[in-house]
Every structure is written in structure tokens, then in C-alpha cells.
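The listed protein sequences correspond, in order, to chains A and B.
This note's numbering numbers the first residue of the first sequence as 65 and each following residue consecutively.
This note's numbering numbers the first residue of the second sequence as 6 and each following residue consecutively.
Glycine included, every Cβ here is placed at the ideal spot set by N, Cα and C.
Down below is the structure, laid out as C-alpha cells.
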Amino acid sequence: MSKKGLVGFGILFLVIVAAITAPWISPFDPNAQDIINSLAAPLAEGSEGGIHLLGTDRLGQDVMSRIIYGTRVSLTVAFGAVGVSALIGIPLGLAAGFMNRTIESLVLVATDIVLSIPFILLALVLMSVLGASLTNLIIAFAVVRWAQFARVTYSLSLELREKEYVLSCKAAGISLPRTLAVHVLPNMVGPLMVVATLELAYAILMESGLSFLGLGAPPETPSWGGMLQEGRNELDTAWWLTAAPGIAIMATAIGYNFVGDWIRDRLDPRLQGVLR
Amino acid sequence: MLTYLARRSLLVIVTITGVMTILFGLQKLAGDPTIFLLPPEATETERLNLLRQLGLDRPLIIQYISFLTNAATGNIGLSWKYNQPALPIVLEAFPATILLATSALAFSILTAVPLGILAALRRDTWVDTFASGIAVIGQAMPVYWSGLLFILLFSTTLRWLPSMGSEGWLALILPAITLGLNTMARIMRITRSSMLDVLGQDYVRTVRAKGIPEYTILFKHGLRNAAVPIVALIGLQLGGLLGGAVLIETVFSWPGVGRLAVNAVYSRDFPLVQSVALMVTITFSLVNMFVDILCAMLNPQIRLN
């Protein structure tokens, strides 16, 4: 495995392990307030023992523990959002590629429409309608980003539908759903995985961005974007409140991107045009 | 070329109508606006009167058609908070966002294209490694976080640049660079790979064999042929820039449509959020159309397909 791939998988492994084992590895309860130790610098000692490795916030909550618990929001939203997008986008892309011309144009025009709205603005509109919550964040993401999956699936279909083995399925009288499930989809898995990793990176950046605006995770749920929003008010005095969650977000995004690059490099280089 | 233009403009009209349909659907999802517009002690008669006044007692299809026709004449609803037409409020804030987005784009093109070319020419040297390092970080850094870090460094610590507002050119520097970082990373990657692609072509080897000076090869034979994917990507970036502006304007208190939209969400001023989304989408669609036409002019293959 390339160095890049190792780093990428390493980061994601750490994030997933942190999310699963959060209650055991967190040095403090993420919501425990220690007012005497408000805005303690990194490595400060807690009033009831223990070391605040990354300091505390205004309420005296341990930053390290909140970062560890923050992986849960990050992973839930990213995988939820990308999963739903893929479940909508891939079938539509297949329909556009393998069914009649009307469906093809309908799907393609629909992707043009939703991709022409900057995601964060549509999310703002949705949040103002539905209210801010993690579920609505996932919905907002899927409403727009299915189109990315549909587009890639469609361009892959254009190539695959001319292949002899796909044509011979038709000649042999195998039904279209079966052809797609057994002979077409397995040949799309690689490229679609690349899209998924890029979308995962995009999703965590957007999730933290919306949480930063106060429109994502509710305040009592520790999330990286929410921590950045709080840290912004203490920027002059407590740099660690801004540094720690930012690094966490960036590292995770790099992890997804590297894994995506690694998969892409393993694939046929001719696919790179489709997957840019 | 004419058929291409006609087809492309039709697509813009379809796109904008589609976006309006989505916004209309969301508006209906938002439920009864009289809850926000009237004081809680209002009577049922007052409520029904307001519904009639707003035209919300009519059948859905009529409401939809009048929503579209009103929008065509520049009337996209009343801001609930300011109690006046939303469009002028949006238009007033629009120049600030356009200024921010174009400055960010200018910054990213001016840094990314030379760096991308250099990385392609000095492939696998420290320049290339440096450039790809910037690309990795630029794509993974949340824009608002880089904004906060810049404020911490250049405003709070060094006191070189203002951290907020829009007074004077100095105030533009930090938000524009922050917003441009992500775009810069993307443009640099594509410039590098597209230049590498072109410089490896047979015709480049041929002109080199003919003894043509290296800078002529680079600009006339290299960059001109590498330009199409770069220009196409730059057009697509504008959507990301306008979206990123929402966050950046909040971080730097920049008085554009992004901050307007965020504040409108806080005050549940739905028509105002909707108007911002619509105006930004229209701008983005039009810019994309011009970029596509530009690409079609640069490369005849596109318009013939």
C-alpha cells in the first residue's frame, strides 16, 4: 500500500476507534463542567485530578473529551449523508444510463438543477424550514449530493452499456434489474467508492460549517463545528479552543481524501477523467 | 455555434425554473407563515384576512404560477423581518459578495496557475512536493477555520490587518485570501495535471525538436491547450465560492448576502433566505453558461458534440 493510503486508512481507523470507544478513552465526561477551571490552558490540572490535555472551554469542559465524542457526530452525519445520497443517486444514474431517452434527460436536467444551487445555501433554506438537527443535516446533504452519484453512475453506464457481456445479457433474455445488479453494478464499485470518499470529506466540512453557524448539531452534543463556534468568541485568549477542533476536522478530511486517492490510483487510470 | 448557444440558454431557463420549483415546494413545507407574521393574540379573522392578502387562500397551482410570474417581474416575496420586498434587500448586499468572491477567485487564479505550471515543469522536485502539500491542506481545511487562524495571526497577534468589516481595501485582504484557499488548491491540481498531460504529447516533442524556444512551447503550445479543463473548473468553482462566502462573511462580519442569509435563518425570515438562494443560483447559472460558451470557443470539439 502507498504511503498516502496508509496515512489515510490510519486516520480513519483512529477516528472510528475513537467514536466506538469514546466512553472508555475520554479522560473526562464531555459535558462535565468545572467552572473553577474555566478556559484552562492545555496540560492544566483538573480540580478533581486528571490532566486537561487540550485545555478546557468557558464552562470548564474538557476539550480532549469533547474532541473524542465529536467523532461520533462527524461519522454519523458523514456516513448517513453520503449513504442516503448514494442510495438515491446510484439507482437514478443507472436508470438514466439504461432506460429510455426521456428518463435519461429528466435525470440529467434534475442533476443540473440541484447542483446549480450552492449546497450551503440550500442547507440554510432547509434548516430555516425544518429546523436545525442532525437528521435534517443529512436530509439537506442528500437532497443535493445524490446528483453527484447519479452523474458518475451515468457516465460509467455510458461505457458499460456497450460492453459485450452487457449486450449478451440482453440477448440471453436476462432481465434488466438482474443485469444491472449482477453484471453492471459490481463493475462500478471502485469508481463509486472514490466518489463516496470525496463526498465523505465534503460532508464533514459542510457538517462542521453548519454546526459552526449554529445550524447543525444541538449545543449539548459535542461536535467539532460547534466547538469552533464557541472558540471563536475566545479567540484572543484561548487559542486551543480554535486549534483543536480545526485540526480534527482537517485531519479527518485529509484521511477521506487520501483513501479516495489511493483507491483511484489502484483503478484503471483511464477512469480518471470521469472521477476528477 | 448558434444551436449550441440556444441549447445552453434553454438549459439555464430550465435550471432556474427548477430551482424556483424547489424553493416553492420548501416554502409550502415551511407551513403557515401567519404564525410568524401575526402577534400570538391575533384572531382567526385577522389570520384569514392576512392569508387572503398574501394570496395564500388560492389553489396551490395558482399560487405556483403566480410565484413564477411574480419572480419574472422581480417580485420574490416580502421579507418578514423587514416587512418590505426581499429583492432590493438582497441586491443591496450583493455587490459586497461579488467583490469578495471575485477577489478570492483572482487571488486563487493568480497564485494557482503559476504554481501549477511550475509544479508540472519541476515534477518530483521540492517545488512539486510543496505545491501538492498546499493542495492537500487547502482542500481539507474548513474555510471558516483558516479564517479564524488568519485573524489570530494577522489581526490579533501581528495587528497588520483588520479582522472585520468592509472599510477600505485592507479589510478585503483576509476574507478574500481565506475564501480563495480551497479554490486555489483545486485550480493548482488541475493546472498541474493538465500541463503534464499536454507537455507529454507528441506535438510538444515535435516543436521541441524543431528548436522552438522553451517559453513559446510552454505558453503557445502548452498552456493554450491545457486551458480548457482549467477554465471549465474555474467556472464550477464560483458556486463553491458563493457558498463559502456564507461562512466567510460570518467569520469576518462582511456585509454580503451570505451573512444576510445566515441572519435571516436566525430570525426565521424564510422569504429572505429564499431570495438569497435564488439570486445566487441565477448568478451561478449565468456564469456557468458564459464559461461553457468560452470553453466551446476555445475547443471546437465541445460544440460539435
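Nearest Cα to A/Ile-177 within the set B/Ser-290, B/Ser-198, B/Arg-213: B/Ser-290. About 19 angstroms separates the beta carbons of A/Phe-322 and A/Met-270, which is beyond the 8 angstroms limit, so they are not a contact pair.
Scanning A/Ala-214, A/Ala-307, A/Ile-80, A/Ile-203 for the CA closest to the CA of A/Ile-154 turns up A/Ala-214. Distance between A/Val-258 and A/Leu-107, taken at the CA atoms: about 39 angstroms. Counting along the chain, the unbroken alpha helix (DSSP H) around B/Arg-12 starts and ends at 7-34. For A/Leu-279, the residues of chain B that pass the 7 angstroms Cβ criterion are Val-270, in the order they occur in the chain. A/Ser-138 is positioned such that its CB atom lies no closer than 8 angstroms to that of A/Trp-210. Using a Cβ-Cβ cut-off of 8 angstroms, B/Gln-279 is close to Val-189 of chain A, given in chain order.
Judged by DSSP in its simplified three-state form, A/Asp-93 adopts coil rather than helix or strand. At a cut-off of 8 angstroms, the C-beta of B/Trp-150 has a neighbouring C-beta in chain A. B/Met-189 sits close to B/Ser-113, with the two beta carbons spaced by under 8 angstroms. For A/Tyr-229, the enclosing alpha helix (DSSP H) begins and ends at 228-235.
One thing to note: B/Met-193 has its Cβ within 8 angstroms of the Cβ of B/Gly-121. Against A/Arg-296, the close residues of chain B are Leu-153, in the order they occur along the chain (beta-carbon pairs closer than 7 angstroms). If you draw a straight line from the Cα of B/Asp-129 to the Cα of B/Leu-158, it is about 32 angstroms long. Remark: C-beta atoms of A/Leu-76 and A/Thr-140 do not approach each other more closely than 8 angstroms. Below the 7 angstroms Cβ cutoff, chain A contributes Leu-299 as neighbours of B/Ile-156, in chain order.
Taking a Cβ-Cβ threshold of 7 angstroms, the residues of chain A close to B/Ser-290 are Ser-180, in chain order. In the three-state reduction of the DSSP assignment, A/Gln-125 falls in the coil class. B/Pro-90 has B/Leu-83 as its beta-bridge partners, per DSSP. Between A/Ser-272 and B/Pro-147, the C-beta spacing is below 8 angstroms.
Taking 4 residues as the minimum length, the alpha helix (DSSP H) runs contained wholly in the region 164-230 of chain B are 175-204, 207-214, in order along the chain.
The C-beta of B/Thr-286 comes closer than 8 angstroms to at least one C-beta of chain A. Three or more Cβ pairs closer than 8 angstroms define a contact, and the region 306-313 of chain A meets that threshold against the region 288-296 of chain A. For A/Ile-115, the secondary structure class from DSSP, reduced to helix, strand or coil, is strand. The region 92-100 of chain A makes no contact with the region 68-83 of chain A, as fewer than three CB pairs between them are under 8 angstroms.
At a beta-carbon threshold of 7 angstroms, the residues of chain A lying near B/Gln-144 are Asn-321, ordered along the chain.
Within 9 angstroms of the CB of B/Phe-275, the CB atoms of chain A belong to Val-189, Ser-192, Val-193, in sequence order along the chain. No Cβ of chain B is located within less than 8 angstroms of the beta carbon of A/Val-230. For A/Arg-296, the uninterrupted alpha helix (DSSP H) run begins and ends at 288-296, by DSSP. In the pairwise beta carbon analysis, the region 154-173 of chain A is classified as touching the region 217-232 of chain A: at least three pairs are separated by under 8 angstroms.
If you keep only unbroken alpha helix (DSSP H) runs of at least 4 residues inside the region 99-152 of chain B, you get 131-145.
As DSSP reads the structure, A/Ala-108 sits in a beta bridge with A/His-116. In the structure shown, A/Glu-271 adopts helical secondary structure according to DSSP, grouped into three states.
Around the beta carbon of A/Ile-318, 16 or more other beta carbons lie within 10 angstroms, which makes this residue buried.
Within its own chain, the residues whose Cβ lies closer than 8 angstroms to the Cβ of B/Leu-177, once the five positions on either side in sequence are excluded, are Leu-104, Leu-105, Ser-108, Ser-171, listed in chain order.
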